[in-house]
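Q:
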């Protein structure tokens, strides 16, 4: 079938996009350390704070603003009340001050606090445990307050190390939601092509430039052709799995797909995600004549979109057409308004600056592209760098190696179907409970009551017995990795549609 016929026949999958919960959200870090508590005169509270801050300055690298500096008698947990209250529990003349870690010398601390001791009493330091990290929710704060020391929960506090900033996450989701079902449908078609070729498993990847996608949306409003003929213009590259490409050729689906044999699975460089990254990298290296890297043969859909990468995109012409089309009009564009809904990634300072594609191109009747026009995949000399600011749509959750490749390639976002979660997946950090409507699961994809179900045994319905028996890699937004790619799951609207029917677990 002709590629254009295939593209015309692709229908969007109905569903919703929801954020992948991070490992910090599903398994909040709970680290505790020793602290001191001392009873001081209530009237001297402000002087106590000034004296402590002057003698023991706070460590800016370890903010402990979630810990209350003072606690009244009635605010102490029952355990602390029995330990700390030596005098009348109903006394209103004293208050307890917290000395957080790192702990100072006991003798010098007592000397510092002695002038503020309650009348007729000496300073007594009591050791207790306090959480080093702020609570992620009010329930956790309440738990620590009742068992340890009074803790504050501030929902407005920056939580960038826990999860993507809400504003950025919302803007990215709003830009992805309208066409996510269409791009995932294309990814499934690429996966089908890969499996039918006998060169790989049924795994597909589609890379989209959200900036082109946003500009197409602006044009389609006044375009009689509508979205059905222009939706694929924002696709930068596609790739299917090719893990069997080094085996003997076969016609039709490879029998090896029915089982998992590490000896024939090939390496992660043959997985769909790594292949699509390699295709883009190959175009970036177009000016490198010494590049002799070899790759598996391209299939029709892969070759089609790769051939379109040299065409230019302007807001007055279809990017899938060659630049011989005549430009007769120039749209009005506000240069202060970026067309990309959210350019969250950072580019290397060494990259050559390229004029923004949001700047209108001058009216021209030339049959060749103007000098300032750039191809959709720019070479390194034109400022192209890795997969910065691109979105990738996958039919399966990527494996651990591919997840690291995703991180290093600097994608803006990764989207995969909830039914495409894998036991070997590297992004998710919690089990999946089959299809759950977004309205029921929440924006963060919180699957309450889902303990015991395995996220990756797609279509098998097997249970783990206890969620804690198996930990998920959860590389998405791990603070140790400085992760910046936004992770989303696509939840299909049709009940029972989620799940790709894979009975054999493999590394995708």
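Residue numbers (the numbering used here): 1255 to 1762. Even for Gly, the Cβ is constructed at its ideal location relative to N, Cα and C. Bear in mind the structure is a predicted one, so any value in this text is a computation, not a measurement.
1) With distance defined between alpha-carbon atoms, name the residue in 1369, 1347, 1413 nearest to residue 1282.
2) Applying the 10 Å Cβ sphere with the 16-neighbour rule, what's the burial state of residue 1272?
3) Is residue 1508 buried or exposed, if buried means 16 or more other CB atoms sit within 10 Å of its CB?
4) Based on DSSP bridge pairs, tell me the residues matched to residue 1437.
5) Are there 16 or more other CB atoms within 10 angstroms of the CB of residue 1669, so buried, or fewer, so exposed?
6) At which residues does the alpha helix (DSSP H) containing residue 1671 begin and terminate?
7) Note the first and the last residue of the continuous beta strand (DSSP E) segment covering residue 1385.
8) Buried or exposed for residue 1389, please, with buried defined as at least 16 other CB atoms from any protein chain shown within 10 angstroms of its CB.
9) Which same chain residues, not among the five before or five after residue 1379, have their C-beta less than 8 Å away from its C-beta?
10) Given residue 1451, which residues of its chain have a CB within under 7 Å of its CB, disregarding the five upstream and five downstream residues?
11) Would you kindly work out how many angstroms separate the C-alpha atoms of residue 1470 and residue 1684, rounded to a whole number?
12) Please state the DSSP three-state secondary structure of residue 1645.
13) Can you tell me where the alpha helix (DSSP H) holding residue 1559 begins and where it ends?
14) Hey, residue 1759 and residue 1678 are a contact pair by Cβ (cut 8 Å); roughly how many whole angstroms apart?
15) Counting only C-beta atoms, is residue 1445 closer than 8 Å to chain B at any point?
16) How long is the line joining the alpha carbons of residue 1382 and residue 1409, rounded to whole angstroms?
17) Tell me which residues share the same chain as residue 1423 and place their Cβ nearer than 7 Å to its Cβ, disregarding the 5 neighbours each side in the sequence.
18) Can you round the beta-carbon distance between residue 1644 and residue 1490 to whole angstroms, since I take them to be within the 8 Å contact cut?
19) Considering only the beta carbon of each residue, do residue 1458 and residue 1442 sit closer than 8 Å?
20) Excluding sequence positions up to five away, which residues of its chain have a Cβ less than 8 Å from the Cβ of residue 1505?
21) Report all residues from its chain with a CB closer than 6 Å to the CB of residue 1278; omit the five preceding and five following residues, and keep chain order.
22) Can you check whether the CB of residue 1406 is closer than 8 Å to the CB of residue 1322?
23) Classify residue 1487 as buried or exposed, calling it buried when 16 or more other Cβ atoms lie within 10 Å of its own Cβ.
24) Quick check on the burial criterion: 16 or more other C-beta atoms within 10 angstroms. Buried or exposed for residue 1284?
25) Do you know whose CA, among 1455, 1510, 1385, 1367, lies nearest residue 1304's CA?
26) By the three-class DSSP mapping on this structure, what secondary structure does residue 1346 have?
27) DSSP state of residue 1631, grouped into three classes?
28) If you compare alpha carbons, which of 1444, 1430, 1454 is closest to residue 1468?
29) Just verifying my parser: in three-state terms, what is the DSSP assignment at residue 1359?
30) Taking the alpha carbon of residue 1392 as the reference point, which residue from 1445, 1351, 1320 has its own alpha carbon closest?
31) Beta-carbon within less than 7 Å of residue 1355's beta-carbon, same chain only, minus the 5 sequence neighbours each way: which residues are those?
A: So, to answer that:
1) With distances taken between Cα atoms, residue 1282 lies closest to 1413.
2) buried
3) Residue 1508 comes out buried.
4) According to DSSP, which records beta bridges pairwise, residue 1437 is partnered with nothing at all.
5) buried
6) Looking at the DSSP string, residue 1671 is not in any alpha helix (DSSP H); the run it does join, the beta strand (DSSP E), is 1667-1671.
7) 1380-1385
8) buried
9) 1290, 1291, 1292, 1353, 1360, 1363, 1364
10) 1553
11) 36 Å
12) If DSSP states are grouped into helix, strand and coil, residue 1645 belongs with the strands.
13) 1554-1562
14) In this structure residue 1759 is in contact with residue 1678, their Cβ atoms being roughly 6 Å apart against a cut-off of 8 Å.
15) Annotation note: the requested chain B is absent from the structure, which comprises a single protein chain.
16) 26 Å
17) 1273, 1740
18) Confirmed, Cβ separation roughly 6 Å.
19) Yes, the Cβ-Cβ distance between residue 1458 and residue 1442 is below 8 Å.
20) 1452
21) 1416, listed in sequence order.
22) yes
23) buried
24) exposed
25) 1367
26) coil
27) Reduced to three states, the DSSP call for residue 1631 is coil.
28) 1430
29) coil
30) 1320
31) 1287, 1288, 1289
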